Ligand SMILES: [Zn+2]
């Protein structure tokens with residue numbers, strides 16, 4: 071008898087623990103939901119005692135393992151599992167896989183893993199070894215009623231539970247990803263099979279060349295000291311005498327995806343179909359025998375709905391270090407890309423295109439910089455938000471400068487081009503929304519920095535372009551045509567390239 075009571079206690083704890091843990095992770099806790107879910111999970115033990123062991127094992131696999139994955143993810147990346155991480159996991163590359171495994175080989179994770187496995191195995195053995203006993207009629211009646219009510223409740227609040235109950239959320243996400251997979255593979259294959267017309271180069275094929283494109287985020291140039299802002303937000307870049315800061319460059323749209331979709335391909339509309347956007351900047355440089363790198367601190371998302379990430383995956387070396395959707399929780403600071411950038415620079419390939427995609431000044435601003443960059447502050451909430459934005463610009467100044475210092479150590483032809491994907495409307499005035507949205511497109515949302523650095527060797531080998539660039543500082547340009555400018559910068563050409571669309575061109 072005592073054994074049976076102990077077994078009931080064990081079953082209750084075993085079924086209730088993952089539910090309570092799930093509630094704990096989904097704060098604020100819903101205790102009613104936790105109690106109903108635990109009660110429901112216990113019912114099959116009451117109704118089918120002979121299958122107790124098997125059912126306990128199924129709970130271990132379908133309840134405990136997803137929660138274990140979620141807890142590990144939370145410990146490693148400070149954010150719960152999301153579609154971005156699952157995509158990363160499904161389409162991982164060798165470098166990412168190694169890093170992922172390394173992450174799992176640290177103390178707390180190993181302890182949790184071991185504890186989970188021991189707990190599941192012990193519970194399954196204990197539950198299955200207790201001789202099957204027939205529950206009283208009244209208990210079985212109650213169990214059927216609870217199951218019936220729960221089934222109704224589950225049906226009625228399906229979406230609520232889907233979002234809230236981690237195991238279900240993970241399974242549904244994976245199901246969605248696998249469903250998308252076939253379409254994605256088709257798209258990837260089409261991108262792979264797409265060929266640009268032959269590309270010619272002004273420079274000999276063995277000439278050492280390094281082109282670095284830094285894509286910033288939500289940076290309105292008028293918040294940069296370099297562009298005349300009254301706060302010292304770019305002390306490092308402003309101190310340099312070898313930068314060309316273009317004054318009249320705008321983004322095509324006030325949102326990341328549509329803006330970059332046009333900037334990084336030959337597509338002229340952000341509504342361009344995948345068919346029209348097969349040829350990206352990465353593909354172009356791959357075709358021209360460049361070794362390409364895509365190093366991103368932005369979200370990966372579901373690849374099917376993120377054309378930019380899909381292009382990023384075409385690079386010879388692709389890394390997405392941000393495991394959080396929009397970094398609402400704790401995205402890495404942009405400087406975390408620096409070691410990867412150094413690795414890319416050390417790669418012995420003679421011709422390289424390195425694209426860095428930053429989190430820059432994306433909302434929430436104060437999560438974009440470490441505490442030692444909290445330099446500006448203000449007394450009112452609105453002004454404080456502007457101050458935090460400016461702190462993110464100050465940090466961005468340090469990040470860009472760090473990348474530039476590394477690039478400067480390189481020999482050979484080198485160039486760095488920095489743009490922001492779009493701007494941000496951020497002033498301490500009642501009209502300013504402190505946002506960017508394609509519905510409004512106010513000038514601050516579109517006015518972006520556009521900064522060029524050329525190595526001494528570049529200037530020596532291509533004095534013509536260097537001179538034209540220096541003379542183009544006040545030209546009006548839209549980054550819709552950005553791909554043409556980058557191709558021009560690298561001295562490449564084919565029938566897709568239109569000189570008139572490069573800001574560095576004499577035809578512009
Ligand atoms: Zn953006």
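Numbering (this note's numbering), first residue to last: 71 to 578.
Idealized CB from N, CA, C, for every residue including glycine.
The structure displayed is predicted, hence computed values, not measured ones.
| Item | Value |
| --- | --- |
| Taking 8 Å as the cut-off, decide whether the C-beta atoms of residue 186 and residue 134 are in contact. | yes |
| Can you tell me which of 492, 210, 137, 213 puts its alpha carbon nearest to the alpha carbon of residue 179? | 137 |
| Roughly how many angstroms lie between the CA atoms of residue 197 and residue 110, to the nearest whole one? | 17 Å |
| Is there at least one non-hydrogen atom of ligand 1 closer than 7 Å to the beta-carbon of residue 492? | yes |
| Expressed to the nearest angstrom, what Euclidean distance is found between the alpha-carbon atoms of residue 442 and residue 461? | 10 Å |
| Cα-Cα, which of 328, 78, 513 is closest to residue 209? | 78 |
| Going by Cα to Cα distance, which pick from 574, 367, 525, 362 is closest to residue 543? | 574 |
| State the DSSP-derived secondary structure class of residue 318, mapped to helix, strand or coil. | strand |
| Should residue 478 be counted as a contact of ligand 1 given a C-beta to heavy atom distance under 7 Å? | no |
| According to DSSP, simplified to helix, strand and coil, what is residue 602? | Shown here, the chain extends from 71 to 578; a query on residue 602 therefore has no answer. |
| Could you tell me if residue 531 is buried or exposed, where buried requires 16 or more neighbouring beta carbons within 10 angstroms of its beta carbon? | buried |
| Per DSSP, what are the beta-bridge partners of residue 286 in this structure? | 490 |
| Would you kindly report the start and end of the unbroken alpha helix (DSSP H) that includes residue 75? | 72 to 95 |
| Leaving out the 5 sequence neighbours to the left and right, which residues in its chain are closer than 7 Å to residue 100 when beta-carbon positions are compared? | 93 |
| Any contact of the stretch 282 to 290 with the stretch 426 to 436, i.e. 3+ C-beta pairs under 8 Å? | yes |
| Tell me whether the beta-carbon of residue 560 lies closer than 8 Å to the beta-carbon of residue 148. | no |
| Nearest-angstrom Cα distance between residue 380 and residue 415? | 23 Å |
| Excluding the 5 residues flanking residue 474 on each side, which residues of the same chain have their C-beta closer than 7 Å to its C-beta? | 486, 523 |
| Between the stretch 513 to 527 and the stretch 294 to 312, do at least 3 Cβ pairs fall closer than 8 Å? | yes |
| Which first and last residues belong to the alpha helix (DSSP H) in which residue 461 is found? | 451 to 478 |
| Starting from residue 531, trace the alpha helix (DSSP H) in both directions and tell me its first and last residue. | 526 to 531 |
| Just the Cα atoms here: how many angstroms apart are residue 296 and residue 550? | 23 Å |
| Alpha carbon to alpha carbon, how far is residue 125 from residue 115? Give it in angstroms, no decimals. | 8 Å |
| Skipping 5 residues on each side, what residues in its chain have a beta carbon closer than 6 Å to that of residue 469? | 404, 405 |
| Suppose only complete runs of 4+ residues qualify. What are the alpha helix (DSSP H) ranges in the stretch 549 to 573, listed by chain order? | 552 to 559 |
| Can you give me the start and stop residues for the beta strand (DSSP E) that residue 327 sits inside? | Taken as a continuous stretch (DSSP letters only), residue 327 belongs to no beta strand (DSSP E), being part of the alpha helix (DSSP H) at 326 to 333. |
| Quick check: is any heavy atom of ligand 1 less than 7 Å from the C-beta of residue 326? | yes |
| Would you mind sorting residue 229 into buried or exposed? The rule is 16 or more other CB atoms within 10 Å of its CB. | Note that residue 229 scores a pLDDT of 48, beneath 50, so its modelled location is shaky and nothing firm can be said. |
| Just the Cα atoms here: how many angstroms apart are residue 305 and residue 540? | 22 Å |
| Any heavy atom of ligand 1 closer than 7 Å to the beta-carbon of residue 287? | yes |
| Once DSSP output is grouped into helix, strand and coil, what is the label at residue 293? | helix |
| How many angstroms separate the CA atom of residue 577 from the CA atom of residue 567? | 13 Å |
| Could you work out which residue in 314, 422, 571 is closest to residue 519 when comparing CA atoms only? | 314 |
| For residue 367 and residue 122, what's the separation of their Cα atoms in angstroms? | 47 Å |
| CB residue 264 to CB residue 349, shorter than 8 Å? | yes |
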